[in-house]
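Q: Per my numbering, the very first residue in the sequence shown carries number 10; after that it's consecutive.
Glycine included, every Cβ here is placed at the ideal spot set by N, Cα and C.
Below you'll find the structure I mean.
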Amino acid sequence: MVLLIDFDGGQRRLDQAKAAIPDSLKDRVFVLGVLTEPESLRAKLEQTYEEIGHAMAEDCHQETTMTWGHELLKHNTSEVDRLRTHVRPFLFGSI
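Structure (structure tokens):
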């Protein structure tokens with residue numbers, strides 16, 4: 010499961026979201042989001058949400074950080090790495 014949230018500029022929202030996940034599910038739930046507001050990311054990237062989503066998926070597929078490395082997304086690095094490890098093989102097959 011992927012839980013998408015906006016972080017409202019801080020770590021507190023992430024900590025709250027992770028605390029609400031039962032221990033039995035923690036290894037299967039990925040918490041990702043924009044550091045501030047999704048609208049800020051859309052404006053800075055000058056892309057639609059759909060285009061941003063495709064670019065994020067392409068980053069996961071190609072193991073790049075063109076989109077995930079953006080200042081409003083780079084705080085997700087550990088979760089994206091974990092997501093790639095667990096999900097990439099069955100989403101994108103053996104590469």
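1) Which first and last residues belong to the alpha helix (DSSP H) in which residue 62 is found?
2) If we call anything under 7 Å between Cβ atoms a contact, is residue 70 one with residue 99?
3) Tell me the rounded alpha-carbon separation between residue 67 and residue 76.
4) To the nearest angstrom, how far is the alpha carbon of residue 42 from that of residue 24?
5) Closest to residue 97 by C-alpha separation, out of 65, 78 and 81, would be which residue?
6) Once DSSP output is grouped into helix, strand and coil, what is the label at residue 82?
A: Once the coordinates are examined:
1) As a first step, residue 62 must be located in the sequence shown, where it is residue number 53. 58-71 is the extent of the alpha helix (DSSP H) around residue 62.
2) In the sequence shown, residue 70 corresponds to position 61, counting from 1. In the sequence shown, residue 99 corresponds to position 90, counting from 1. Not closer than 7 Å, so no.
3) As a first step, residue 67 must be located in the sequence shown, where it is residue number 58. As a first step, residue 76 must be located in the sequence shown, where it is residue number 67. Going by the C-alpha atoms only, they are around 9 Å apart.
4) In the sequence shown, the residue the question calls residue 42 occupies position 33. In the sequence shown, the residue the question calls residue 24 occupies position 15. C-alpha separation (whole angstroms): 13 Å.
5) What you label residue 97 is simply residue 88 of the sequence shown in a count that begins at 1. The residue with the shortest Cα to Cα distance from residue 97 is 65.
6) Here residue 82 corresponds to residue number 73 of the sequence shown, with the count starting at 1. In the structure shown, residue 82 sits in coil (DSSP, three-state: anything other than H, G, I, E or B).
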